[in-house]
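Student: Residue numbers (the numbering used here): 60 to 644. Starting off with a structure, shown below.
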Ligand code: NAD
C-alpha cells in the first residue's frame, strides 16, 4: 500500500569507480577554482590514504589549503569547533570530508559553524538553516557503513553529558560523493564487520519504519541482498575489490534510503550505548538489531518476511503458488476450494519472517568468527556490570529515531534488550572458503600513464594503426557500410585523427587535413584511446563518466562498437610488431 504522502529528495551527485580518487580532475571540474579544507583523521593520514587522495586533487582547480586531521571516532563538539576555526582562518570556500562517518559528520557540522558562527549546541536540531547556504562539500567515505556521504543528518558527541547530538539539514547533502572501493581495503576485519552491520541496520530499519516509502523500500531490499552476499567475504578478503565495492555501494544506497524514511529503535538504543558506554556505532547496531527485529516482528510481519527473502531464507508459500497456477488454468472453482488452506501460507509467512532474524544472528556469529566481532556488550567493552543501565534506557527513550519505530518502544522493552545483550552467549560460527562464492579482482592494477611521449608519437602509433585497420577487409567493409565520418580529438598530447568512411574507400586524415564536417566528434585523453583499442574500456560507461565527450550522431558511432571487436586483438599484436610491448595493458 502506498503512503498517503512521501517525498524523495537526493541532490547529491554520486560517482563510483575503482581507483576513481587517483585522478579527480574531470569529476571536480564543475567546482571551479576553490580553496579547500580537507577534513580527515590521523589514522587515515598515517596509512597513506590522505596522501593518495591529495595526489588525486593535485591536477584539479581545487587547492587544498588546509588539512584538519584530528577527528576522533564518534566526533566531539570540541573537534567540530577546532575544525570550523581552521576553515575560517584559511578562508576556505569548499569542504572535503575524507573518512568514516565521524569525519563526514564533523565536516557537515563544522561547515555550519564556519558559515554561521556560534557554538555547536546552537545549531542542534532539524532544519534550522532555512534557506541559508553552506559551503559546497565533497564527501569521500573510507568506511562502508554510515552512508553519511548521501544523508542530511550528522551526529556529534557531547562528552560532558554523554549524549550524541543530532543535526538534520537539507544543506548537509554534499554536491558530490565519491565512492572508491580502493580506499576501504585498509579497513581491518572488525571495522568492516561493524560498519557493514551499520549499513544493514539502516536498510532494515528504514524498510519497517513508520515513514517507509516506495523509493527507499526498493533501495533497502537491494542493500540487504548485497550485504548478505558480500560482508563476510569483505572481512575474509580485505583486498577483494568486488566485495569492497558491493559494500560501499550498499552503504551509500542504504544512506539514500534511510535519509528519506529514517531509522528506528535499533538506532535509539545504539546511540545511547554510544553516548554512555562509547561503543562504536556499527557494533552497537549489530548487537541490537536482531533483538529489535524480534520486538517489532508482529507489527510488520509481511515486511520482515520481505527482508528474510532478501536475505535468501524464505519458505515457499505453496497454497498461493498452486492458486496462482490454477487461476492461470482458469480453474477458479479450485482456487476457491483452496482458500481455507491459506492459513498454511500465513503460518509459513510468519516462519519466514522469523528465519530473517535467525539469519541475522547467524551472520553476527559468522562475523564473530571471521572478524572477531564482540557478541555481547561485555565483550564490546561494558565493564561496570551495566551500572549505567538506567541512563542508557532514559537516553534511548528520548532519541528521535524512536519516533519512527513501527511498534511503540517501551522503557521495559529497552531495558530487557540491553540486559539480555550484556552477557548473551552467542558463539562464533566459522565460515568455509567454499561458501563464499568469490571472484577476486586485484587491488592495484599496474597503471599505464602518458603512453604517448608527444603528438608525433601518437600520430605515428595510432595513425598507422588506423591505416592497418582499414586494410583489414572485414573491418574496412563494415566501416564503409556505416558511411560514417568520425573525428577523434585527443588530449595529452594534443592530436586529431579523422576516419572518413563516407566514400568508396576508408580515408584517414591526420591533424587538420580533413576539411569537411564530421558526423561525430569524440574528445578524449590519448591514454584513454590507447586503452580503448585494447578492449580495456567500456565506451558507454566512459560516456556516462564524461571521460569521452561526444558531439553529433553518437548512437550511430556506438552501433559500430561490435564490429570493432577484432580490432581489440589487432592493436596489441600491432604494438608488439612495432616493438612497443611495454605499452600493452
Ligand atoms: P568512524 O568514522 O568513527 O571511524 C572508526 C575508525 O575507523 C577511525 O579510527 C578511523 O580512523 C578508522 N578508519 C576509517 N576508515 C578506515 C580505513 N579505510 N582503513 C582503516 N581505518 C579506517 O566510523 P564510522 O562507523 O564510519 O562512523 C561512525 C560515526 O558516524 C558515528 O559517530 C555515527 O553516529 C555516525 N553516523 C552518521 C550517520 C549519518 O548519516 N550522518 C549515519 C550513521 C552513523
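Backbone N, C-alpha and C define an ideal beta-carbon position, used for all residues, glycine too.
Taking 6 angstroms as the limit between beta carbons, can you name the residues of its chain near residue 199, skipping five residues before and five after?
Tutor: Position 140 of the chain shown holds residue 199. Closer than 6 angstroms at Cβ, skipping near neighbours: 157, 237.
Student: Does the Cβ of residue 384 have 16 or more other Cβ atoms within 10 Å, making it buried, or fewer, making it exposed?
Tutor: Numbered from its first residue, the chain shown carries residue 384 at position 325. Looking at its Cβ environment, which holds fewer than 16 other Cβ atoms inside 10 Å, residue 384 is exposed.
Student: Taking the continuous beta strand (DSSP E) assigned at residue 524, which residues delimit it?
Tutor: Position 465 of the chain shown holds residue 524. Not the beta strand (DSSP E): residue 524 falls in the alpha helix (DSSP H), residues 523–530.
Student: If you follow the beta strand (DSSP E) that residue 72 is in, where does it begin and where does it stop?
Tutor: If you number the chain shown from 1, residue 72 lands on position 13. First-last of the beta strand (DSSP E) with residue 72: 72–75.
Student: Counting pairs of beta carbons, one from the region 259–276 and one from the region 316–324, are three or more of them closer than 8 angstroms?
Tutor: yes
Student: Any chance the region 133–143 sits against the region 205–220, with 3 or more Cβ pairs inside 8 angstroms?
Tutor: yes
Student: Taking the alpha helix (DSSP H) that residue 164 belongs to, which residues open and close that run?
Tutor: Within the chain shown, numbered from 1, the residue matching residue 164 stands at position 105. Boundaries of the alpha helix (DSSP H) around residue 164: 160–175.
Student: Taking 6 angstroms as the cut-off, is the beta-carbon of residue 245 closer than that to any non-hydrogen atom of the ligand NAD?
Tutor: What you label residue 245 is simply residue 186 of the chain shown in a count that begins at 1. The answer is yes for residue 245.
Student: In terms of residues, what are the limits of the alpha helix (DSSP H) holding residue 611?
Tutor: As a working note, residue 611 is residue 552 in the chain shown. Taken as a continuous stretch (DSSP letters only), residue 611 belongs to no alpha helix (DSSP H), being part of the beta strand (DSSP E) at 608–611.
Student: With a 10 Å radius around its C-beta and 16 neighbouring C-beta atoms as the bar for buried, classify residue 163 as buried or exposed.
Tutor: Taking the first residue of the chain shown as 1, we reach residue 163 at position 104. Buried, by the Cβ-count rule.
Student: Check this for me: beta carbons of residue 434 and residue 480, under 7 angstroms apart or not?
Tutor: Taking the first residue of the chain shown as 1, we reach residue 434 at position 375. Taking the first residue of the chain shown as 1, we reach residue 480 at position 421. No, the Cβ-Cβ distance between residue 434 and residue 480 is not below 7 angstroms.
Student: Taking the alpha-carbon positions, what's the residue 467 to residue 461 distance?
Tutor: By one-based count along the chain shown, residue 467 stands at place 408. By one-based count along the chain shown, residue 461 stands at place 402. Answer to the nearest angstrom: the Cα atoms are 8 angstroms apart.
Student: For the beta strand (DSSP E) that contains residue 582, what are its first and last residues?
Tutor: Sequence index remark: in the chain shown, residue 582 carries index 523 (1-based). Taken as a continuous stretch (DSSP letters only), the beta strand (DSSP E) holding residue 582 covers 579–584.
Student: Shorter than 6 angstroms, the distance from the beta carbon of residue 337 to the closest heavy atom of the ligand NAD, or not?
Tutor: Taking the chain shown and counting its residues from 1, the one referred to as residue 337 is at position 278. False, no ligand heavy atom lies under 6 angstroms from that Cβ.
Student: Which residue marks the beginning of the alpha helix (DSSP H) containing residue 293, and which one marks its end?
Tutor: Taking the chain shown and counting its residues from 1, the one referred to as residue 293 is at position 234. It spans 273–295 - the alpha helix (DSSP H) in which residue 293 sits, taken as one unbroken run.
Student: State the DSSP-derived secondary structure class of residue 641, mapped to helix, strand or coil.
Tutor: In the chain shown, counting from the first residue as 1, residue 641 sits at position 582. The answer is helix: DSSP assigns residue 641 an H, G or I state.
Student: Measuring only from the beta carbon, is residue 182 closer than 6 angstroms to any heavy atom that is part of the ligand NAD?
Tutor: The count along the chain shown starts at 1 and reaches residue 182 at position 123. No, since every heavy atom of the ligand NAD falls outside the 6 angstroms radius drawn around the Cβ of residue 182.
Student: Applying the criterion that 16 or more other CB atoms from any shown protein chain within 10 Å of the CB defines a buried residue, is residue 597 buried or exposed?
Tutor: Walking along the chain shown from the start, residue 597 turns up at place 538. Classification of residue 597: exposed, given that the 10 Å Cβ count is below 16.
Student: Near residue 551, what residues of its chain come up, given a Cβ to Cβ distance below 8 angstroms and the 5 sequence neighbours on each side ignored?
Tutor: Within the chain shown, residue 551 is the residue found at index 492, counting from 1. So the qualifying residues of the chain are 509, 584, 585, 586.
Student: Which same chain residues, not among the five before or five after residue 358, have their C-beta less than 7 angstroms away from its C-beta?
Tutor: To locate residue 358, count along the chain shown from 1; it is residue 299. For residue 358, where only same-chain residues beyond five positions count, the Cβ hits under 7 angstroms are 465, 466.
Student: Please state whether DSSP places residue 178 in a helix, a strand or coil.
Tutor: Here the question's residue 178 lines up with position 119 in the chain shown. DSSP places residue 178 in coil when its eight states are reduced to three.
Student: Please name the residue or residues paired with residue 550 in a DSSP beta bridge.
Tutor: Your numbering for residue 550 matches position 491 in the chain shown. Beta-bridge annotation (DSSP): residue 550 is paired with 584.
Student: Rounded to whole angstroms, what's the CA-CA distance from residue 46 to residue 366? Just pull it up for me.
Tutor: Residue 46 cannot be examined here, being either before or after the span of the chain that is shown, 60 to 644.
Student: In the DSSP assignment, what residue or residues form a beta bridge with residue 559?
Tutor: The residue you call residue 559 lines up with position 500 of the chain shown. BP columns for residue 559 point to 544, 566.
Student: With a cut-off of 8 angstroms on the beta carbons, I'd call residue 378 and residue 396 a contact; round off their distance for me.
Tutor: In the chain shown, residue 378 corresponds to position 319, counting from 1. In the chain shown, residue 396 corresponds to position 337, counting from 1. Actually they do not touch by this definition, with Cβ atoms about 11 angstroms apart.
Student: Taking Cβ to Cβ, would you say residue 347 is nearer than 7 angstroms to residue 451?
Tutor: As a first step, residue 347 is located in the chain shown; it is residue number 288 there, counting from the start. As a first step, residue 451 is located in the chain shown; it is residue number 392 there, counting from the start. Not a contact, by the Cβ cut-off of 7 angstroms.
Student: So for residue 634, helix, strand or coil by DSSP?
Tutor: The sequence position of residue 634 within the chain shown is 575, counting from 1. Residue state, collapsed to three classes: helix.
Student: Between residue 635 and the rest of its own chain, which residues show a CB-CB distance below 8 angstroms, the 5 nearest in sequence each way excluded?
Tutor: Residue 635 sits at position 576 when you count from the first residue of the chain shown. Around residue 635: 643.
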